[in-house]
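Heads up, the thing below is written out as structure tokens.
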Amino acid sequence: NDHGAEVLNKLQPFEEHAPMPTPTGHTTAIRATKVIGTSVKDTSGEKIGRVEDLVLDKQSNSILFAVVGFGGLLGVGEKFHPLPWAVLNYDEDEDAYVVPYTKDELKSAPHDSITELTKNDGVPYRDQSFAFYKVDQYWT
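In the numbering used here, the protein residues as written are 5 to 144.
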């Protein structure tokens, strides 16, 4: 079909499109593989954990929360915290997500095993984490 080829020829290559920044200057889209494994630091630059997983809300096409692992050695004794995506701010200089909380503040935050965090579609821990971190509830 000549019409399809004509339309394709008019499209610009992906690389030529400028990224669309969020209010903090970050692009609005990111691959999960770039997020998982990224360090998480507090505002003093101390590494306090890393992103272990992302929990997706398939009905609203949103991220329920990021699962951030804190403490432990090789997964033993590690605590998994559901953090609202909005509290993770990527800092290129730190090569990490920086959160506005200290390690001590996070000790009292909601946490559990990854299995427990995702029970009942993750809703109980989503609700707890958004309330704890005082983040606007995107689903209301």
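We put the CB at the ideal spot given by N, CA and C, even for glycine.
Length of the line joining the Cα atoms of Glu96 and Leu58 | For this step, residue 96 is matched to residue 92 along the sequence shown. For this step, residue 58 is matched to residue 54 along the sequence shown. Whole-angstrom Cα-Cα distance: 20 Å.
How should Asp140 be labelled, buried or exposed, when 16 other C-beta atoms within 10 angstroms of its C-beta is the threshold for buried?
-> Position 136 of the sequence shown holds residue 140. So Asp140 counts as exposed.
Residue range of the alpha helix (DSSP H) that Tyr3 falls in?
-> Lying before the first or after the last residue shown, residue 3 is absent from the chain, which here runs from 5 to 144.
To the nearest angstrom, report how far apart Lys38 and Gln63 are at their CA atoms.
-> Locating residue 38 in the sequence shown gives position 34, counting from the first residue. Locating residue 63 in the sequence shown gives position 59, counting from the first residue. Cα-Cα distance, rounded: 23 Å.
Report back the beta-carbon spacing between His85 and Pro114 to the nearest angstrom; my notes put them in contact at under 8 Å.
-> By one-based count along the sequence shown, residue 85 stands at place 81. By one-based count along the sequence shown, residue 114 stands at place 110. That belief holds up - the Cβ atoms of His85 and Pro114 are roughly 7 Å apart, short of 8 Å.
Helix, strand or coil: how does DSSP classify Asp61 here?
-> Translated into the one-based positions of the sequence shown, residue 61 becomes position 57. It is a strand residue.
What residue does the alpha helix (DSSP H) around Ile40 start on, and which one ends it?
-> What you label residue 40 is simply residue 36 of the sequence shown in a count that begins at 1. Premise fails: Ile40 is in no alpha helix (DSSP H) and is neither H nor E.
So, Val188 versus Arg54, is the Cβ gap smaller than 8 Å?
-> Limits of the chain in this structure are 5 at one end and 144 at the other, which puts residue 188 out of reach.
Closest by CA to Ile67, which one among Gly126, Gln132, Ala135 and Lys138?
-> As a first step, residue 67 is located in the sequence shown; it is residue number 63 there, counting from the start. Of Gly126, Gln132, Ala135 and Lys138, the residue nearest in Cα terms is Gly126.
Is DSSP giving Ile118 helix, strand or coil here?
-> Numbered from 1 along the sequence shown, position 114 holds the residue referred to as residue 118. Correct three-state label for Ile118: helix.
Are the beta-carbon atoms belonging to Val102 and Thr47 less than 8 Å from one another?
-> Within the sequence shown, the letter at position 98 stands for residue 102. Within the sequence shown, the letter at position 43 stands for residue 47. Yes, the pair counts as a contact, with Cβ atoms nearer than the cut-off.
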